[in-house]
Amino acid sequence: MNDNPTVLLTGASDGIGFETARLLLAQGCTVIAHARTREESDESCDRMVKSGADTRRLRQAVADFTDLGQVIDLAVAVAETCPRLDVLVNNAGITGPHGRVLTKDGHEQTVQVNYLAPYLLTRLLEDALDRSEVSRVVNVSSSLHRGGRINWNDLNWKRRYNRGAAYAQSKLALTMMTTALTEFRPKVREAVSVHPGIIATGMLPGYSYRGRPVAEGAEPVARLANPWAKVLNGGYYDGRLPAKAAAAAVDPADVRKLWSLSERLTLFDKREL
Numbered sequence: 001m002n003d004n005p006t007v008l009l010t011g012a013s014d015g016i017g018f019e020t021a022r023l024l025l026a027q028g029c030t031v032i033a034h035a036r037t038r039e040e041s042d043e044s045c046d047r048m049v050k051s052g053a054d055t056r057r058l059r060q061a062v063a064d065f066t067d068l069g070q071v072i073d074l075a076v077a078v079a080e081t082c083p084r085l086d087v088l089v090n091n092a093g094i095t096g097p098h099g100r101v102l103t104k105d106g107h108e109q110t111v112q113v114n115y116l117a118p119y120l121l122t123r124l125l126e127d128a129l130d131r132s133e134v135s136r137v138v139n140v141s142s143s144l145h146r147g148g149r150i151n152w153n154d155l156n157w158k159r160r161y162n163r164g165a166a167y168a169q170s171k172l173a174l175t176m177m178t179t180a181l182t183e184f185r186p187k188v189r190e191a192v193s194v195h196p197g198i199i200a201t202g203m204l205p206g207y208s209y210r211g212r213p214v215a216e217g218a219e220p221v222a223r224l225a226n227p228w229a230k231v232l233n234g235g236y237y238d239g240r241l242p243a244k245a246a247a248a249a250v251d252p253a254d255v256r257k258l259w260s261l262s263e264r265l266t267l268f269d270k271r272e273l
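Here's what the structure looks like:
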């Protein structure tokens, strides 16, 4: 493997993403640190540099995942500047608003930011991942995926929107994507999901009252994203240890159904690089 592996880390401007980026930089990786806005990107990268990050191995990337057009622009920029991508970490996520909100693409905000945007980004970067010996995708999931279900007839919650249920559905979908990448997509050689724990980030109020330090949540994510680390392909991790994912997350029929639905919802076939 190349001595200077490249990792694209989404949601790197704060919380677990920020600390994960710092850990990967310290391990010798080149990190493409994604943020939602240019202002957030500049501020977080300045903080990384002040804490000792090597500017030669830190790159910025900006995209608002509530706009799939910006996700496409992000994938194009990464592919143009980084022909070989070793690891993609789908970390960016939201707990979702208290009331149902639609994106400009017409999707409920939580399912788009937490699942459809990562799905589209991953698909668009398959060729860049395929050029790497590692070719790994790390999906930052949640133990709450076990309480989720895919609302096949109303994925966008037109009826009876519930913030917690929308979040659980989005994390279940992301975990199902891990299975799909392992079984259906030979260009991605390794894929894992990880629940980093109940961590004291800005998302904490959405599902709990007390959480562990952010650094403790970043550690298992960074370990799985480390290109030199061995992982259980297709596995779901609860912190550092492999655990059992929800039955729906590994059900072949449901996984394939979601994969096909995701292609249609993101218009993937019309958006290849």
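Under our numbering, residues 1 to 273 are what the sequence shown spells out, in order. Where a beta carbon is used, it is the ideal one built from N, C-alpha and C, also for glycine.
So what's residue i in DSSP terms, helix, strand or just coil?
i: residue 133; result: coil
i: residue 150; result: coil
i: residue 204; result: Reliability fails at residue 204, whose pLDDT of 46 lies under 50, so the model's placement of it is uncertain and the value that follows must be treated cautiously. Helix at residue 204.
i: residue 220; result: helix
i: residue 231; result: coil
i: residue 157; result: coil
i: residue 209; result: Reliability fails at residue 209, whose pLDDT of 48 lies under 50, so the model's placement of it is uncertain and no value is given.
Within 10 Å of its beta-carbon, does residue i have 16 or more other beta-carbons around it, so buried, or fewer, so exposed?
i: residue 146; result: buried
i: residue 37; result: exposed
i: residue 226; result: buried
i: residue 209; result: Here residue 209 scores only 48 on pLDDT, less than 50, and its place in the model should not be relied on; the value that follows carries that caveat. Residue 209 comes out exposed.
i: residue 190; result: buried
i: residue 99; result: exposed
i: residue 229; result: exposed
i: residue 192; result: buried
i: residue 152; result: exposed
i: residue 184; result: exposed
i: residue 138; result: buried
i: residue 131; result: exposed
i: residue 196; result: buried
Where do the N-terminal and C-terminal ends of the alpha helix (DSSP H) with residue i fall, by residue?
i: residue 175; result: 163 to 184
i: residue 67; result: Where residue 67 is concerned, there is no enclosing alpha helix (DSSP H), given that its DSSP letter is neither H nor E.
Would you kindly report the start and end of the unbroken beta strand (DSSP E) that includes residue i?
i: residue 250; result: No beta strand (DSSP E) holds residue 250; DSSP gives it neither H nor E.
i: residue 238; result: 236 to 238
i: residue 194; result: 190 to 195
i: residue 58; result: 58 to 62
i: residue 267; result: First-last for residue 267: undefined, no H or E at that position.
i: residue 243; result: 241 to 243
Exercise for the section: Please list the segments of the beta strand (DSSP E) lying wholly inside the stretch 83 to 126, counting only runs of 3 or more residues, in order along the chain. Expected result: 87 to 90
Handout entry: Touching by the beta-carbon criterion (3+ pairs, under 8 angstroms), the stretch 79 to 93 and the stretch 4 to 14
Key = yes
Practice task
Determine, using beta-carbon pairs with one atom in the stretch 97 to 108 and one in the stretch 152 to 159, whether at least three such pairs fall under 8 angstroms.
Solution key: yes
Problem - Inter-stretch contact at 8 angstroms, needing at least 3 Cβ pairs: the stretch 13 to 32 / the stretch 217 to 231 - result: yes
Practice task
Only counting runs of 4 or more residues, tell me where the alpha helix (DSSP H) segments fall wholly within the stretch 5 to 37, in order along the chain.
Solution key: 15 to 26
Exercise for the section: Taking 8 angstroms as the threshold, find out whether the stretch 44 to 53 comes into contact with the stretch 63 to 81 through three or more Cβ pairs. Expected result: no
Exercise for the section: Pair every Cβ in the stretch 162 to 170 with every Cβ in the stretch 233 to 248, then say whether three or more of these pairs are closer than 8 angstroms. Expected result: no
Practice task
Inspect the CB distances between the stretch 111 to 127 and the stretch 71 to 83 and report whether three or more fall short of 8 angstroms.
Solution key: yes
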